[in-house]
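S.K.: Structure in structure tokens, see below.
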């Protein structure tokens, strides 16, 4: 729980517990699918302690250690990217288009930009790892089946 305390997230960020920001979802999805994997998109919010928990303890290590295809999209950010349809958009515009209301939310995308697993909303540490693993398994099966 120490990572949830004010300022405690800074050392975690310095230790490489960050995720790449989305710059082009079509390209990021294509790279994921080329590996036979879904693309995970973590919707985050600046200074959100639950986001830091999910990013630092689950998604960033899986990205770094296992090569899990995952990018971050930030609520309220004007960072430029491309939507799954290839249109120019800001991170905040994507969050609104996806109707995401809670950070963190993890989305799982397969072929054609379809969501291939239920969204993982919130960041309660109690059972998070199990919830993440189940959704990731669901998404991987869907991608393997051509979704």
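In the working numbering, the protein residues as written are 9 to 155.
By construction, the Cβ of each residue, glycine as well, lies at the ideal position given by its N, Cα and C atoms.
Quick caveat: nothing in here was measured; it's all calculated off a predicted structure.
Work out the CA separation of residue 127 and residue 143 for me, nearest whole Å.
M.R.: Looking up residue 143 in the chain shown gives position 135. Looking up residue 127 in the chain shown gives position 119. In a straight line, the C-alpha of residue 143 is about 8 Å away from that of residue 127.
S.K.: Ordered along the chain, which non-local residues of its own chain (more than five positions away) have a Cβ less than 6 Å from that of residue 77?
M.R.: Counted from its first residue, the chain shown places residue 77 at position 69. Counting only Cβ-Cβ distances below 6 Å, and skipping sequence neighbours, we find 40, 45 and 47.
S.K.: For the structure I just gave you, are there three or more beta carbon pairs, one from the region 22-38 and one from the region 132-141, closer than 8 Å?
M.R.: no
S.K.: Measuring alpha carbon to alpha carbon, tell me which of 109, 34, 66 and 36 ends up nearest residue 53.
M.R.: Numbered from its first residue, the chain shown carries residue 53 at position 45. Measuring from the Cα of residue 53, the nearest candidate turns out to be 109.
S.K.: Identify the continuous beta strand (DSSP E) that holds residue 97 and give its terminal residues.
M.R.: Locating residue 97 in the chain shown gives position 89, counting from the first residue. Note, residue 97: beta strand (DSSP E), 96-98.
S.K.: Return the chain-ordered list of same chain residues with a C-beta closer than 7 Å to the C-beta of residue 37, the five sequence neighbours on each side being excluded.
M.R.: Position 29 of the chain shown, counted from the first residue, corresponds to residue 37. Taken in chain order, the residues that qualify are 47, 92, 117 and 121.
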